[in-house]
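Enquirer:
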Amino acid sequence: MTYTVDTPRSRRRRLRWPRLPLGEWQAAWTTRALMLLAPLLSFTLVEYLNYNNPWTDFTPLQIALNLAWYYLGELFFYFVLRRRASAVKWAMGIAWGLGMANHYLISFRGRTLFPGDFLTLRTAANVAGNYDYRPDSMQWLTIGVFAAVLLALSFLPNEKKRPFPWRLFVPAAGAAAVFLGVFFGTGFVESRGIEPSMWTTRGNGLFLNFSVCLKYMRVEQPETYSEETLAALAGSAPSDPAAVPAAGEGGLLRPVNVIVIMNESLSDLSVLPGVESNTDAMPFLRSLTENTIKGYAYSSVFGGTTANSEYEFLTGNTTAFLPAGTVPYQMYVSDGDPTLVGQMAALGYRTVAAHPYRSSGWSRPSVYRDFGFDEVYFEGDFQDREYMRGDEKTGYVTDQCDYENLIRWYEEKEAGEPLFLFNVTMQNHSAYQMAWTNLPREVWLTGALEGRFNTVNQYLSLVYQSDQAFEYLLDYFSQVERPVMLVFVGDHLPAVNLSDGVSLYTHLGISPSEEAADWDPTSLIARLSTDYLIWTNYETQPAPDRLESCTFLGLHVLQRAGIPLNQYFTWLDQEVASRMLLRRGTLFVDENGHGSYTVPPEDQAMLDLYTAVERNLLYSP
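Residue numbers (the numbering used here): 548 to 1168.
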């Protein structure tokens, strides 16, 4: 007798996902309708994530140009996958994902997504784990809608892979070619007043703004200034490696050691209207008067992109002439460009760059090498590392630990060897909703803002720690016999935002709204004004506090130190820095700190020449 064993597998009934009873013709027209409607829904979801109402905040042309990208993306996936429902899923998913990324970027950094961000993914990944990604109400709403769409698509009958749709592909490809040719190859977009928005995408929409920025990534080499003239202008730095003399021109004592500290996000928020705290966040810095020059330094960036502040300080070049959202460190630095580093090295200075974080950020290893630094140190080179707001994986090296290592490298150099050290700190990096690990709660907002901005409280407490660490550093060098100049400057203001994307600065009325188009020059300057000081351990000629910018502060440090300038820096000093402080987009700030969106006629020729010189320098082969 033969027995059949009924196994669990044979007893198991296959669970089938319920499908709508649609015929082939009905299913086809349903998916066609979905392909027509899905870009409209994606556009709506993405722009609500972008703090926009897409159907009221944009002109018909802006709406049409945004939708063109959504439809092009959907058609691309349809031609690749040859299934309409799959094309809808992929197109909507990627659009929604980019919208979510942009939402976080606005919340964390106070700016929108740019093409250049995809060149800096490693840099972003370095700090990505330190932010709070809990969705807000708008994000939950879009998550629900997107999930509902995916669920609805799952009820459609299984769609077979279709033969390649040549009859649709040919006209679609032709239309796409015309659109892309007009968009990128003509001045149509500019003629309609559509320009890149640096701070938000509210004036354009995410995909339109991204594509406009992409258009500006392609920069033609200018023909307005010859390479021969540029080479003559750049000249060569003094190359005598002999010991640096004790006295410079005019009897000014020349420091044997120049140490520059670009302190992450450091700024004095107490100068903002309505900002009161239980105690001063920077009492030591404020107390310095002897052998000290202090003031405000205008930065070309806000809330992030430290690399641009570094670039401007070390080269004297502005980032205003570059495509919106780009970082010179990623694209435009080459060996042999005139820099402060090369100037100091030519005079016999040992040149050192130090940054207590990962070397993968902003391509710093290769950039520092091209700039001419003799030695470069990153997080792993810092001894006895101490972290704030987390551990080695989640926190940032403290300023105190950073300065202890600077002192170590100073003491390890050969006796009498002149030193130029450039240090970019990390302690005060956003996000300011991080854990308070190893960060005492010593400073907090009082008055009308008390208890309302915990992110600001953390930032103020971080600045207080930076102030104490800088006191430790100055105490050490005040006892050093050899002449030392310390330069201390913030790279940009902190991006401290509310959960709905509204910044502290808008909340205080400094900026009238989150719309960059609404900002007058004074509002924009307020977002770009950080702090600096120059201190020496020897008696220096007194000088009044002055306005500066990251662009020309390095140049003026050389002058204050009695360092001779090469021809390029001499030209920058005499022809450019004497007439302007900052160029940022369409903003022009003159030497007195007055801002305007219109260049004064008497300065236009200077600005044109500056543009031509820098672009030849960056784009020449």
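Glycine included, C-beta positions come from ideal geometry on N, C-alpha and C.
Since this is a predicted model, take the numbers as computed values, not measurements.
Exposed or buried, Glu959, counting other C-beta atoms within 10 Å across all chains shown (16 or more means buried)?
Expert: Position 412 of the sequence shown, counted from the first residue, corresponds to residue 959. With fewer than 16 Cβ atoms within 10 Å of its Cβ, Glu959 is classed as exposed.
Enquirer: Going by alpha carbons, who is nearest to Ala854 out of Asn864, Ala867, Pro875, Gly1056?
Expert: Locating residue 854 in the sequence shown gives position 307, counting from the first residue. It is Pro875.
Enquirer: Give me, in chain order, the residues of the same chain whose beta-carbon lies closer than 6 Å to that of Leu799; leave out the 5 immediate sequence neighbours on both sides.
Expert: Mapped onto the sequence shown, residue 799 falls at position 252. The pLDDT assigned to Leu799 is 45, lower than 50, so where the model puts this residue is not dependable; a value taken from the coordinates is nonetheless given after this. So the list reads Gly1109, once near-sequence residues are dropped.
Enquirer: In chain order, which continuous runs of the alpha helix (DSSP H) of length 4 or greater are located wholly inside the stretch 900-968?
Expert: Runs of the alpha helix (DSSP H) inside the stretch 900-968: 911-918, 946-959.
Enquirer: Over the uninterrupted alpha helix (DSSP H) stretch that includes Asp1137, give me the two end residues.
Expert: By 1-based counting over the sequence shown, the position of residue 1137 is 590. That residue, Asp1137, is in no alpha helix (DSSP H); its beta strand (DSSP E) goes 1134-1137.
Enquirer: Can you tell me whether Thr1158 is helix, strand or coil according to DSSP?
Expert: The residue labelled residue 1158 in the question sits at position 611 within the sequence shown. It is helical.
Enquirer: Considering only their Cβ atoms, is the gap separating Arg897 from Asp921 smaller than 7 Å?
Expert: As a first step, residue 921 is located in the sequence shown; it is residue number 374 there, counting from the start. As a first step, residue 897 is located in the sequence shown; it is residue number 350 there, counting from the start. A contact, by the Cβ cut-off of 7 Å.
Enquirer: Consult DSSP for Asp1178 and reduce its assignment to one of helix, strand or coil.
Expert: This structure gives no information on residue 1178, because the portion of the chain shown stretches from 548 to 1168.
Enquirer: What residues in its chain sit with their C-beta under 7 Å from that of Tyr915, if we drop five residues either side in the sequence?
Expert: As a first step, residue 915 must be located in the sequence shown, where it is residue number 368. Taken in chain order, the residues that qualify are Ala900, Val923.
Enquirer: Give, in chain order, every unbroken run of the beta strand (DSSP E) that is at least 3 residues long and sits entirely within the stretch 1061-1085.
Expert: As far as the stretch 1061-1085 is concerned, its whole beta strand (DSSP E) runs of at least 3 residues are 1076-1083.
Enquirer: Tell me whether Asn1163 sits in a helix, a strand or coil according to DSSP, three-state version.
Expert: Along the sequence shown, read from residue 1 onward, the residue named residue 1163 stands at position 616. Three-state result, Asn1163: helix.
Enquirer: Consult DSSP for Ser786 and reduce its assignment to one of helix, strand or coil.
Expert: Here residue 786 refers to the residue found at position 239 of the sequence shown. Only weak support exists for where Ser786 lies, its pLDDT of 39 falling under 50; the value from the coordinates is given anyway. Ser786 falls in the coil class under three-state DSSP.
Enquirer: Assign Leu1033 to one of three DSSP states: helix, strand, or coil.
Expert: Start at 1 with the first residue of the sequence shown, and residue 1033 comes out as number 486. DSSP places Leu1033 in strand when its eight states are reduced to three.
Enquirer: Ignoring anything shorter than 4 residues, give me the alpha helix (DSSP H) runs that lie fully in the stretch 820-893, in order along the chain.
Expert: DSSP runs (the alpha helix (DSSP H)) wholly in the stretch 820-893: 830-834, 853-862, 875-878, 887-893.
Enquirer: Please classify Glu1149 as buried or exposed, where buried requires at least 16 neighbouring CB atoms within 10 angstroms.
Expert: Taking the sequence shown and counting its residues from 1, one reaches residue 1149 at position 602. The residue is exposed, with fewer than 16 neighbouring Cβ atoms inside 10 Å.
Enquirer: Once DSSP output is grouped into helix, strand and coil, what is the label at Leu816?
Expert: As a first step, residue 816 is located in the sequence shown; it is residue number 269 there, counting from the start. Leu816 falls in the helix class under three-state DSSP.
Enquirer: List the endpoints of the continuous alpha helix (DSSP H) containing Leu1128.
Expert: One-based indexing of the sequence shown puts residue 1128 at position 581. Element bounds for Leu1128: not the alpha helix (DSSP H) but the beta strand (DSSP E), 1127-1131.
Enquirer: Residue range of the alpha helix (DSSP H) that Val736 falls in?
Expert: Against the sequence shown, residue 736 aligns to sequence position 189. Segment 735-738, the alpha helix (DSSP H) holding Val736.
Enquirer: Three or more C-beta pairs under 8 Å: does that hold for the stretch 602-611 against the stretch 573-588?
Expert: They do not touch, by the three-pair rule.
Enquirer: Throw me the rounded Cβ distance for the Thr1053 and Glu811 pair, which I believe falls under 8 Å.
Expert: Indexing the sequence shown from 1 puts residue 1053 at position 506. Indexing the sequence shown from 1 puts residue 811 at position 264. Not a contact, Cβ separation roughly 23 Å.
Enquirer: Short of 7 Å in beta carbon distance, which residues of its chain neighbour Pro785, apart from the five on each side in sequence? Order them along the chain.
Expert: Translated into positions along the sequence shown, residue 785 becomes position 238. Its pLDDT being 45, under 50, Pro785 is placed unreliably in this model, and the coordinates cannot settle the point.
Enquirer: Please report how far the alpha carbon of Phe969 lies from the alpha carbon of Met891, in whole angstroms.
Expert: Counted from its first residue, the sequence shown places residue 969 at position 422. Counted from its first residue, the sequence shown places residue 891 at position 344. Taking the straight line from one Cα to the other gives about 12 Å.
Enquirer: For the putative contact between Ala1042 and Gly740, defined by C-beta atoms under 8 Å, what is the C-beta separation to the nearest angstrom?
Expert: Along the sequence shown, read from residue 1 onward, the residue named residue 1042 stands at position 495. Along the sequence shown, read from residue 1 onward, the residue named residue 740 stands at position 193. Not confirmed; about 28 Å, so no contact.
Enquirer: Tell me which same chain residues have a C-beta within less than 7 Å of the C-beta of Ala867, skipping the five on either side of it?
Expert: On the sequence shown, residue 867 is found 320 positions in, with the first residue counted as 1. Ser847, Arg1130, Arg1131, Gly1132.
Enquirer: What do you get for Asp884, buried or exposed, if any count of 16 or more other CB atoms within 10 angstroms of its CB means buried?
Expert: As a working note, residue 884 is residue 337 in the sequence shown. With 16 or more other Cβ atoms within 10 Å, it is buried.
Enquirer: Going straight from the alpha carbon of Ala1073 to that of Met1032, what length do you get?
Expert: Here residue 1073 is taken as the residue at index 526 of the sequence shown, counted from 1. Here residue 1032 is taken as the residue at index 485 of the sequence shown, counted from 1. Approximately 28 Å between the Cα atoms of the pair.
Enquirer: Candidates Asp604, Tyr625, Trp687: which alpha carbon is nearest Lys707's?
Expert: One-based indexing of the sequence shown puts residue 707 at position 160. That would be Tyr625, whose Cα lies nearest to the Cα of Lys707.
Enquirer: Buried or exposed: where does Arg999 fall if 16 or more other Cβ atoms within 10 Å of its Cβ makes it buried?
Expert: The count along the sequence shown starts at 1 and reaches residue 999 at position 452. So Arg999 counts as exposed.
Enquirer: Please report the distance separating the alpha-carbon of Leu628 from that of Ala719.
Expert: To locate residue 628, count along the sequence shown from 1; it is residue 81. To locate residue 719, count along the sequence shown from 1; it is residue 172. Approximately 16 Å between the Cα atoms of the pair.
Enquirer: Quick check on DSSP: helix, strand or coil for Ile808?
Expert: What you label residue 808 is simply residue 261 of the sequence shown in a count that begins at 1. Note: Ile808 maps to strand in three-state DSSP.
Enquirer: Using alpha carbons as the reference points, say which of Phe1116, Thr1145, Ala844 lies closest to Leu1040.
Expert: Locating residue 1040 in the sequence shown gives position 493, where the first residue counts as 1. For the residues Phe1116, Thr1145, Ala844, the minimum Cα distance to Leu1040 belongs to Ala844.
Enquirer: Exposed or buried, Asp1067, counting other C-beta atoms within 10 Å across all chains shown (16 or more means buried)?
Expert: One-based indexing of the sequence shown puts residue 1067 at position 520. That one is exposed.
Enquirer: Beta-carbon within less than 6 Å of Ile808's beta-carbon, same chain only, minus the 5 sequence neighbours each way: which residues are those?
Expert: Here residue 808 is taken as the residue at index 261 of the sequence shown, counted from 1. For Ile808, where only same-chain residues beyond five positions count, the Cβ hits under 6 Å are Asn970, Phe1035.
Enquirer: Let's see if you can read the secondary structure: which residues bound the alpha helix (DSSP H) around Thr606?
Expert: What you label residue 606 is simply residue 59 of the sequence shown in a count that begins at 1. Segment: none, Thr606 is in no alpha helix (DSSP H) and carries neither H nor E.
Enquirer: Look up Val971 in the DSSP assignment and give the residues it is bridged to.
Expert: Reading the sequence shown from its first residue, position 424 is the one you call residue 971. In the DSSP output, where bridge partners are listed per residue, Val971 has Met809.
Enquirer: Roughly how many whole angstroms lie between the Cα atoms of Leu835 and Gly732?
Expert: Numbered from 1 along the sequence shown, position 288 holds the residue referred to as residue 835. Numbered from 1 along the sequence shown, position 185 holds the residue referred to as residue 732. Leu835 and Gly732: Cα-Cα distance of roughly 55 Å.
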